[in-house]
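Trainee: My questions will all concern the structure given below.
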Amino acid sequence: MKSKASAPGKVILFGEHFVVYGVKTILCAINKRITVTAEKIEENKIYIKSNIGNLVLEPNKIISEINSPLKPFYYLANKMSKDQNTGIKIEIESDIPLGVGLGSSSACCVAGAAAISRLFKNTSNEEILELAIEAEKTIFENTSGADCTVCTYGGIMIYDKENGFNKIESEPNFHLVIANSNIEHSTKTVVANVKQFKEKDEKTFSILCDKESQLVDDVLKLLKENDIKELGNKINKNQEYLETIGISNEKLRNMIKIGQNEAFGAKITGAGGGGCIFALTDETNLEQTMEKFKSENYDCFSVKIDFQGLDTF
Ligand code: PMV
Numbered sequence: 001m002k003s004k005a006s007a008p009g010k011v012i013l014f015g016e017h018f019v020v021y022g023v024k025t026i027l028c029a030i031n032k033r034i035t036v037t038a039e040k041i042e043e044n045k046i047y048i049k050s051n052i053g054n055l056v057l058e059p060n061k062i063i064s065e066i067n068s069p070l071k072p073f074y075y076l077a078n079k080m081s082k083d084q085n086t087g088i089k090i091e092i093e094s095d096i097p098l099g100v101g102l103g104s105s106s107a108c109c110v111a112g113a114a115a116i117s118r119l120f121k122n123t124s125n126e127e128i129l130e131l132a133i134e135a136e137k138t139i140f141e142n143t144s145g146a147d148c149t150v151c152t153y154g155g156i157m158i159y160d161k162e163n164g165f166n167k168i169e170s171e172p173n174f175h176l177v178i179a180n181s182n183i184e185h186s187t188k189t190v191v192a193n194v195k196q197f198k199e200k201d202e203k204t205f206s207i208l209c210d211k212e213s214q215l216v217d218d219v220l221k222l223l224k225e226n227d228i229k230e231l232g233n234k235i236n237k238n239q240e241y242l243e244t245i246g247i248s249n250e251k252l253r254n255m256i257k258i259g260q261n262e263a264f265g266a267k268i269t270g271a272g273g274g275g276c277i278f279a280l281t282d283e284t285n286l287e288q289t290m291e292k293f294k295s296e297n298y299d300c301f302s303v304k305i306d307f308q309g310l311d312t313f
């Protein structure tokens, strides 16, 4: 018996870093996916195959002792197959670049939770999300669950620490050009650097948090109106705040300059220090933006918002 599921990656449109200090953040699912296939097998083992390596283990290992990025899959397979007298084979395919802030690990957890749990019972999206967050916690203990939520339900979402998640019902029709700096970054380190910035200059940081809050409120209106030009200006404004807190560097600045010149706006997405930036475009400037990034040898691709979220088949 086989079960298959796919889940989209994500970008943070507005509010990264400031969200850690209570400001609202807006994120959206993108139409690049992780697909997971799970299969019951007779041999009592868990096999995981992916393009970043393989993992083969007996069931019932201690999770904290497993040193592999594939650990969430093992956690899910082990949990679901307990007392079921079966092994599980899992295969992962990805069209999301891994580890660059595009939600690949959350998409893995959501698609993994769906494919594996549905070998045993008909799980709802709510149950799958809960399992996915549990699985993600085996690698990111402090995850807010925001990424897994947007990967499960798709579309655009607003999140803050106090109120949790809310889906934004607008369906704006833009394209994002995502460019990858290919500089590895550690979200944990960059978040720690921002904390230092804050502790050195509480006043500036507090003013920036207020400005970011106002910006997010303005953006909610612009999304409803599908006002892409003004959204671009807000993206550029958000980038100024991210520059101020020190998460940019020369390569990212150069990429952002290309995006801001060719498209409606551009900013870092996610932790910064490396990873990806995105430029906001529509049909009128999508091609020229892609061409410009390519002519300067940057890895780039275009995405749209994914409104489907988790898909099972
Ligand atoms: O690097 P990403 O895409 O996982 O984003 C991190 C987002 C931060 O706001 C920097 C940290 C956080 O926990 O919200």
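Sequential numbering of the sequence shown, starting at 1, is according to this note's numbering. Ideal placement from N, C-alpha and C gives every residue a C-beta, glycine not left out.
#1: DSSP on I62, reduced to helix/strand/coil?
#2: Could you tell me which residues DSSP pairs with A146 in its beta bridges?
#3: My understanding is that M310 touches N125, with C-beta atoms under 8 Å, so please give their C-beta distance in whole angstroms.
#4: Looking at C-alpha atoms only, which residue of A271, K304, C300 is the closest neighbour of E283?
#5: Using C-beta distances below 8 Å, list every residue in its chain close to K4, excluding the 5 sequence neighbours before and after it, in chain order.
#6: For S50, write down the residues that DSSP places opposite it in a beta bridge.
#7: Would you be able to state if there are at least three C-beta pairs under 8 Å between the segment 206-222 and the segment 230-238?
#8: Please determine, among I90, V110, M1, the residue with the shortest C-alpha to C-alpha distance to Y74.
#9: Can you round the beta-carbon distance between I96 and K49 to whole angstroms, since I take them to be within the 8 Å contact cut?
#10: Just to confirm, does K161 get its C-beta within under 6 Å of one of the non-hydrogen atoms of the ligand GTP?
#11: When you measure from the CB of V177 to every non-hydrogen atom of the ligand PMV, does any distance come out below 6 Å?
#12: Here's a check: name, in chain order, each residue in its chain whose Cβ is nearer than 6 Å to the Cβ of G22, leaving out the five neighbours to either side.
#13: Looking at V19 and the ligand PMV, is the gap between the Cβ and the nearest heavy atom below 6 Å?
#14: Would you identify the three-state DSSP class for Y159, choosing helix, strand or coil?
#15: In this structure, how does DSSP classify T86 when only helix, strand and coil are distinguished?
#16: Cβ of G270 within 7 Å of Cβ of G145?
#17: Within 6 Å: the Cβ of G9 and any heavy atom of the ligand PMV?
#18: In the DSSP assignment, find the alpha helix (DSSP H) that holds T187 and state where it starts and stops.
#19: With distance defined between alpha-carbon atoms, name the residue in D306, S105, E42 nearest to P69.
#20: Suppose you measure from the CA of E230 to the CA of I52; what does that come to, to the nearest Å?
#21: Spatial neighbours of N193 within its chain, please: CB distance less than 7 Å, with the 5 preceding and 5 following residues excluded, ordered by chain position.
#22: D210: buried (16+ other C-beta within 10 angstroms of its C-beta) or exposed?
#23: Whole angstroms are fine: how far does the CA of N233 sit from the CA of K221?
#24: Does DSSP put E42 in a helix, in a strand, or in coil?
#25: What is the DSSP secondary structure of S181, counted as helix, strand or coil?
#26: Is any non-hydrogen atom of the ligand PMV found closer than 6 Å to the C-beta of E42, if you look at the structure I gave you?
#27: Excluding sequence positions up to five away, which residues of its chain have a Cβ less than 7 Å from the Cβ of A113?
Mentor: Let me spell this out:
#1: Translated into positions along the sequence shown, residue 62 becomes position 62. I62 falls in the coil class under three-state DSSP.
#2: Sequence index remark: in the sequence shown, residue 146 carries index 146 (1-based). In DSSP, A146 forms no bridge with anything.
#3: Taking the first residue of the sequence shown as position 1, residue 310 is located at position 310. Taking the first residue of the sequence shown as position 1, residue 125 is located at position 125. Residue identity differs from the one stated: residue 310 is Leu in this sequence, not Met. A Cβ-Cβ distance of about 6 Å is found for the pair L310 and N125, placing them in contact under the 8 Å criterion.
#4: Counting from 1 along the sequence shown, the entry for residue 283 is found at position 283. Selected option, being the one with the closest Cα: K304.
#5: The residue you call residue 4 lines up with position 4 of the sequence shown. Cβ within range, chain order: T35, V36, T37, A38, A115, T312, F313.
#6: Numbered from its first residue, the sequence shown carries residue 50 at position 50. Bridge partners of S50: G53.
#7: In short, these stretches touch, since the Cβ pair count reaches three.
#8: Locating residue 74 in the sequence shown gives position 74, counting from the first residue. Considering only alpha carbons, the answer is I90.
#9: For the purposes of this step, residue 96 is identified with residue 96 of the sequence shown, where counting begins at 1. For the purposes of this step, residue 49 is identified with residue 49 of the sequence shown, where counting begins at 1. In this structure, I96 and K49 do not form a Cβ contact; the two beta carbons are roughly 17 Å apart against a cut-off of 8 Å.
#10: This structure lacks the ligand GTP; the ligands present are the ligand PMV.
#11: On the sequence shown, residue 177 is found 177 positions in, with the first residue counted as 1. No, the Cβ of V177 stays beyond 6 Å of every heavy atom of the ligand PMV.
#12: Residue 22 sits at position 22 when you count from the first residue of the sequence shown. Closer than 6 Å at Cβ, skipping near neighbours: K161.
#13: On the sequence shown, residue 19 is found 19 positions in, with the first residue counted as 1. It does: the Cβ of V19 is within 6 Å (strictly closer) of some heavy atom of the ligand PMV.
#14: Translated into the one-based positions of the sequence shown, residue 159 becomes position 159. In the structure shown, Y159 adopts extended strand secondary structure according to DSSP, grouped into three states.
#15: Here residue 86 refers to the residue found at position 86 when the sequence shown is read from its first residue. Coil, per DSSP.
#16: The sequence position of residue 270 within the sequence shown is 270, counting from 1. The sequence position of residue 145 within the sequence shown is 145, counting from 1. Taking 7 Å as the Cβ cut-off, G270 and G145 do not qualify as a contacting pair.
#17: Residue 9 sits at position 9 when you count from the first residue of the sequence shown. It does not: the Cβ of G9 is nowhere closer than 6 Å to a heavy atom of the ligand PMV.
#18: Here the question's residue 187 lines up with position 187 in the sequence shown. Per DSSP, the unbroken alpha helix (DSSP H) holding T187 starts and ends at 187-200.
#19: Start at 1 with the first residue of the sequence shown, and residue 69 comes out as number 69. Among D306, S105, E42, the Cα nearest to that of P69 is on S105.
#20: Position 230 of the sequence shown, counted from the start, is the residue given in the question as residue 230. Position 52 of the sequence shown, counted from the start, is the residue given in the question as residue 52. Linking E230 to I52 through their CA atoms gives a straight-line distance of about 40 Å.
#21: On the sequence shown, residue 193 is found 193 positions in, with the first residue counted as 1. Closer than 7 Å at Cβ, skipping near neighbours: G246.
#22: Taking the sequence shown and counting its residues from 1, the one referred to as residue 210 is at position 210. Under this definition D210 is an exposed residue.
#23: Taking the sequence shown and counting its residues from 1, one reaches residue 221 at position 221. Taking the sequence shown and counting its residues from 1, one reaches residue 233 at position 233. A straight line joining the alpha-carbon of K221 with that of N233 spans about 14 Å.
#24: Along the sequence shown, read from residue 1 onward, the residue named residue 42 stands at position 42. In the structure shown, E42 sits in coil (DSSP, three-state: anything other than H, G, I, E or B).
#25: As a working mapping, residue 181 is identified with position 181 in the sequence shown. Taken through DSSP and simplified to helix, strand or coil, S181 comes out as coil.
#26: Sequence index remark: in the sequence shown, residue 42 carries index 42 (1-based). Exclusion of E42 from the 6 Å shell around the ligand PMV follows from its C-beta lying no nearer than that to any non-hydrogen atom of the ligand.
#27: By one-based count along the sequence shown, residue 113 stands at place 113. Contacts found: L76, I128, L131, A132, A135.
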